[in-house]
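J.: Quick one: this structure, given as structure tokens, is what I'll be asking you about.
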Amino acid sequence: MSEEILINVTPRETRLALTDNGLLQEIYIERRSRSGHVGDIYLGKVVRVMPGMEAAFVDIGLERAAFLHCADITPIGADGLEVSDDGVADIQTLLHEGQMIVVQVAKDPIGSKGARLTTHLTLPSRHLVYLPRNAHIGISLRLEDEAERERLQASLERCLTQEQVADKGGFIIRTAAEGASDAELSEDIRFLRKLWAAVARRIEKGREVRVLYQDLPLYLRAVRDLITPQVEKIRVDSAEAFEEINTFVGDFIPESLHRVELYRGERPIFDLYNIDDEMEKALGRQVKLKSGGDLIIDQTEAMTTIDVNTGGYLGNKNHAETVLKTNLEAATAIARQLRIRNLGGIIILDFIDMDEPEHQRQVLRTLGKALDKDHARTMISGISELGLVEMTRKRTRESLGQILCSPCPMCSGRGRLKTPETICYEIFREIVRVARAYENDELLVMASQLVVDRLLDEESGTLADLEALTGKTIRFQVEPMYTQEQYDVVLF
1 MSEEILINVT PRETRLALTD NGLLQEIYIE RRSRSGHVGD IYLGKVVRVM PGMEAAFVDI
61 GLERAAFLHC ADITPIGADG LEVSDDGVAD IQTLLHEGQM IVVQVAKDPI GSKGARLTTH
121 LTLPSRHLVY LPRNAHIGIS LRLEDEAERE RLQASLERCL TQEQVADKGG FIIRTAAEGA
181 SDAELSEDIR FLRKLWAAVA RRIEKGREVR VLYQDLPLYL RAVRDLITPQ VEKIRVDSAE
241 AFEEINTFVG DFIPESLHRV ELYRGERPIF DLYNIDDEME KALGRQVKLK SGGDLIIDQT
301 EAMTTIDVNT GGYLGNKNHA ETVLKTNLEA ATAIARQLRI RNLGGIIILD FIDMDEPEHQ
361 RQVLRTLGKA LDKDHARTMI SGISELGLVE MTRKRTRESL GQILCSPCPM CSGRGRLKTP
421 ETICYEIFRE IVRVARAYEN DELLVMASQL VVDRLLDEES GTLADLEALT GKTIRFQVEP
481 MYTQEQYDVV LF
């Protein structure tokens with residue numbers, strides 16, 4: 001496995017691509033006009049408490065008020081640590097309107113929804129996540145080697161004992177800590193405690209809505225979170241960003257300094273691996289499979305559905321083997337598409353029906369193995385009685401389509417336009433309504449070229465009958481700026 005991180009930096013936008021053997025796996029985009037806020041800590045103001053929803057809306061200075069559910073609120077005790085309470089507290093006992101509260105963004109605003117907040121504060125570094133208000137000590141579940149887990153936990157305990165600081169906060173060992181030494185963990189502990197001390201000072205001085213802590217820019221977050229032993233190169237096309245990355249890597253991951261490379265080529269860095277072409281494909285519904293089959297991906301507000309089709313693939317063996325081969329290829333392709341498109345929430349997979357239980361198990365195993373590489377948390381159910389696989393993928397930021405696209409002004413996001421024939425019949429009904437309401441002798445129909453052409457051609461007989469029925473002369477005018485569905489019937 002040969003992974004590379006490609007970073008394209010411009011004054012207004014940063015794009016980052018994670019590739020595996022030259023094939024795009026994930027894409028991250030951060031624009032100055034709408035950069036992400038996940039991980040940022042704010043001093044916010046409660047603007048509305050909603051008892052029926054057991055939640056509150058909090059002003060943190062963004063365009064829309066953010067959402068804070070009571071399940072994401074933990075009271076703070078006299079010692080400054082979170083007080084665990086198994087009982088479900090009433091939102092009105094936890095918050096009141098006008099209250100100032102320290103919160104962290106857990107999910108970015110998506111669509112029409114505001115950001116999702118939590119009071120469980122965390123600060124990440126290369127190897128650790130600091131819990132300033134919680135004494136918990138934990139380790140990432142993605143670290144599966146039991147011996148390494150025990151070594152890291154013992155190392156962390158030694159480091160905390162040596163530090164001898166009155167701070168009672170807790171730590172979670174990240175997946176990236178695999179192989180980390182005592183010295184590296186100690187350095188992270190000191191850095192995180194200093195960082196929290198600075199945030200705590202801002203909290204004490206705060207009297208109004210403000211940001212208390214902002215996470216690193218995209219290219220530094222990527223180095224912190226994405227670099228693994230499998231990543232051979234980090235290529236960046238900006239000298240300024242290259243210097244920042246070099247400094248960061250030198251401070252936190254000095255053994256990886258040789259991997260950072262300033263790209264000086266004449267061709268844009270994303271052209272090296274056809275990243276732009278892959279992104280363009282990821283905005284479409286259809287994904288072609290090598291076998292001749294395809295995936296049809298539909299993203300809606302409630303869920304994403306992915307349908308697997310055999311297409312033109314007939315196979316050389318029996319039908320069951322053909323279906324299995326297509327489904328196995330689809331399982332791998334689906335996992336990759338989920339990462340590239342950053343699809344989250346509920347996802348329904350409709351594989352081609354398989355009668356053999358062993359074939360079903362093979363497909364689920366292949367899907368699970370492909371999803372192991374995903375940085376987002378996923379959960380997969382078995383194949384249901386209807387032959388569907390239900391799964392979830394954690395959603396913390398907008399999908400690729402939501403970042404790059406907006407709803408079509410022609411169809412308002414439906415994905416379909418009414419046919420010229422349908423619009424003609426709507427116009428006929430409107431003509432009858434207007435004719436009954438007003439006594440003018442003439443009416444003017446304004447519509448697009450396609451609709452007017454149909455009215456004067458295929459529907460000319462109907463128009464003649466309509467003029468006779470209403471006793472009015474009907475004229476037509478082509479409006480070049482009208483969409484296919486736009487029209488007006490006015491008095492002339």
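Sequential numbering of the sequence shown, starting at 1, is according to full-length UniProt numbering. Ideal Cβ placement from N, Cα and C applies to all residues, glycine included. Remember, it's a predicted structure, so these values are computed and weren't measured experimentally.
#1: Curious, which full-length beta strand (DSSP E) runs of at least 3 residues does the region 226-274 contain?
#2: So, under 8 Å CB-CB, Arg454 and Cys408 are touching, yes? Tell me the CB distance rounded to an integer number of Å.
#3: Please check if any C-beta of chain D sits within less than 8 Å of the C-beta of Ile474.
#4: Taking the DSSP output, what are the residues bridged to residue 522?
#5: Would you please state the rounded distance, in angstroms, between the beta carbons of Arg207 and Asp215? I believe it to be under 8 Å.
#6: Which of the three DSSP states, helix, strand or coil, is assigned to Asn8?
#7: Val323 lies in the alpha helix (DSSP H); which residues open and close that run?
#8: What number of angstroms, rounded off, separates the C-alpha of Lys373 from the C-alpha of Thr228?
#9: For His69, list the residues DSSP reports as bridge partners.
#10: Between Ile306 and Thr300, what straight-line distance do the alpha-carbon atoms span, to the nearest angstrom?
#11: Kindly list the residues whose CB is nearer than 7 Å to the CB of Glu184, restricted to its own chain and excluding five residues on each side of it in sequence; keep chain order.
#12: Taking 8 Å as the threshold (C-beta atoms), are Val445 and Phe476 in contact?
#13: Beta-carbon separation of Leu417 and Leu218 under 8 Å?
#14: Run through DSSP, which three-state label would Gly98 get?
#15: Assuming Gly114 and Val209 form a contact by the criterion Cβ under 8 Å, report the distance between their Cβ atoms to the nearest whole angstrom.
#16: Suppose contacts are defined by Cβ-Cβ distances below 8 Å. Is Leu289 in contact with Thr326 by that definition?
#17: Would you say Gly44 and Val129 are within 8 Å of each other, going by their C-beta atoms?
#18: Within its chain, find whatever has a CB closer than 6 Å to the CB of Gln449; leave out the 5 residues flanking it on each side and keep chain order.
#19: Thinking C-beta only, is Ile269 closer than 8 Å to Arg285?
#20: In three-state terms, what does DSSP make of Gly368?
#21: What would DSSP say about Tyr42, mapped onto helix, strand or coil?
#22: Is Tyr438 buried or exposed, if buried means 16 or more other CB atoms sit within 10 Å of its CB?
#23: With C-beta atoms as the reference, is Ala65 less than 8 Å away from Val47?
#24: With 16 as the cutoff for other CB atoms within 10 Å, does Gln162 come out buried or exposed?
#25: Please list the terminal residues of the continuous alpha helix (DSSP H) segment that includes Glu442.
#26: Have a look at Gly387, Gly345 and Asn342 and flag the residue whose alpha-carbon is nearest the alpha-carbon of Val363.
#27: Return the first residue and the last residue of the beta strand (DSSP E) that Gln286 is part of.
#28: Closer than 7 Å by C-beta to Ile403: which residues in its own chain qualify, once you throw out the five before and the five after it? Chain order, please.
#29: DSSP three-state call for Leu24: helix, strand or coil?
#30: Under the DSSP definition of a beta bridge, which residues are partnered with Gly130?
#31: Please find out if some non-hydrogen atom of the ligand SAM comes closer than 7 Å to the beta-carbon of Arg395.
#32: Under the rule that 16 or more other beta-carbon atoms within 10 Å means buried, what is Asp108, buried or exposed?
#33: Can you grab the Cα-Cα spacing for the pair Thr322 / Glu356, in whole Å?
#34: According to DSSP, what are the bridge partners of Thr300?
#35: Could you say which of Met410, Asn342, Gly36 and Thr332 lies nearest to Arg395 if we only look at CA atoms?
T.: Short version:
#1: 231-236 and 260-262
#2: About 22 Å; that fails the 8 Å criterion.
#3: Looking at the structure shown, chain D is missing, and only one protein chain is on hand.
#4: Because residue 522 is not part of the residues shown, which for the chain are 1 to 492, the question remains open.
#5: The pair is not a contact, with the Cβ atoms about 24 Å apart (cut-off 8 Å).
#6: strand
#7: His319 to Arg341
#8: 12 Å
#9: Ala55
#10: Cα to Cα, Ile306 sits roughly 11 Å from Thr300.
#11: His127
#12: yes
#13: no
#14: coil
#15: 14 Å between Cβ atoms; not a contact.
#16: yes
#17: Contact flag unset, no.
#18: Val478
#19: It is not a contact, given that the beta carbons lie outside the stated cut-off.
#20: helix
#21: strand
#22: exposed
#23: At the C-beta level, Ala65 and Val47 come within 8 Å of one another.
#24: exposed
#25: If you look at Glu442, you'll find it isn't in any alpha helix (DSSP H); it sits in the beta strand (DSSP E) that goes Glu442 to Ala447.
#26: Gly387
#27: Counting along the chain, Gln286 sits inside the beta strand (DSSP E) bounded by residues Gln286 to Lys288.
#28: Ile29
#29: In the three-state reduction of the DSSP assignment, Leu24 falls in the strand class.
#30: In the sequence on display, residue 130 carries Tyr and not Gly. Its beta-bridge partners are Leu123 and Phe171.
#31: Only the bare structure without any ligand can be found here, which leaves the ligand SAM out of the picture.
#32: buried
#33: Each residue's alpha carbon lies about 13 Å from the other.
#34: Looking at the DSSP assignment, Thr300 forms no beta bridge with any residue, so it has no partner.
#35: Asn342
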